[in-house]
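J.:
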Amino acid sequence: MSLRKKKVKTMLSLEKVLETVIWQEIISLIEENRVVVVTGEAGCGKSTQVPQFILDDWAAHGLGGFCNIVVTQPRRISATSLAERVSHERLEREENHVKSVMEEVT
Numbered sequence: 004m005s006l007r008k009k010k011v012k013t014m015l016s017l018e019k020v021l022e023t024v025i026w027q028e029i030i031s032l033i034e035e036n037r038v039v040v041v042t043g044e045a046g047c048g049k050s051t052q053v054p055q056f057i058l059d060d061w062a063a064h065g066l067g068g069f070c071n072i073v074v075t076q077p078r079r080i081s082a083t084s085l086a087e088r089v090s091h092e093r094l095e096r097e098e099n100h101v102k103s104v105m106e107e108v109t
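Here our numbering is used: position 72 in the sequence shown is 75, and no number is missing along the way.
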């Protein structure tokens, strides 16, 4: 294996370790607090990856059926696109588990 490939493999391994630490921190915060607000750069996975990770953690503990996750979006199109994206990533039909609910807020 070339040196470059080894470096890339090492970087990917470190990235996985960092991801695991971050996910564990998020799960700990959720377990310790009634409300957790996740902030981050656009595209970092706040709306798509974090909810799935939470659901997977609950499911691993036999609590998946009791897990309700709410993700808010500022616009209808964003909410619909998000629901479709998460359903697609989870290989599920949207109407089964992932829903988008629209409500006018004034």
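We treat Cβ as the ideally placed atom computed from N, Cα and C, and that holds for glycine.
Computed from a prediction, not measured in an experiment: that's the story for all the values here.
So V53 and I29 are in contact, right, with Cβ under 8 Å, and what is the actual spacing, rounded?
T.: Rounded, the Cβ-Cβ distance is 7 Å, consistent with contact.
J.: Quick test of the definition: if touching needs 3 or more C-beta pairs under 8 Å, does the region 39-59 touch the region 79-90?
T.: As far as the Cβ criterion goes, the region 39-59 touches the region 79-90, which means the pair count is three or higher.
J.: Which term fits L58, buried or exposed, when burial requires 16 or more other beta carbons within 10 angstroms of its beta carbon?
T.: Burial call: buried.
J.: Going by beta carbon distance, what residues of the same chain come within less than 8 Å of E92, once the five residues before and after it are set aside?
T.: Excluding sequence neighbours, E92 sits near T51 and Q55.
J.: Quick check for students: name the residue ranges of the alpha helix (DSSP H) that lie wholly in the region 26-69, counting only runs of 4 or more.
T.: You should have 52-63.
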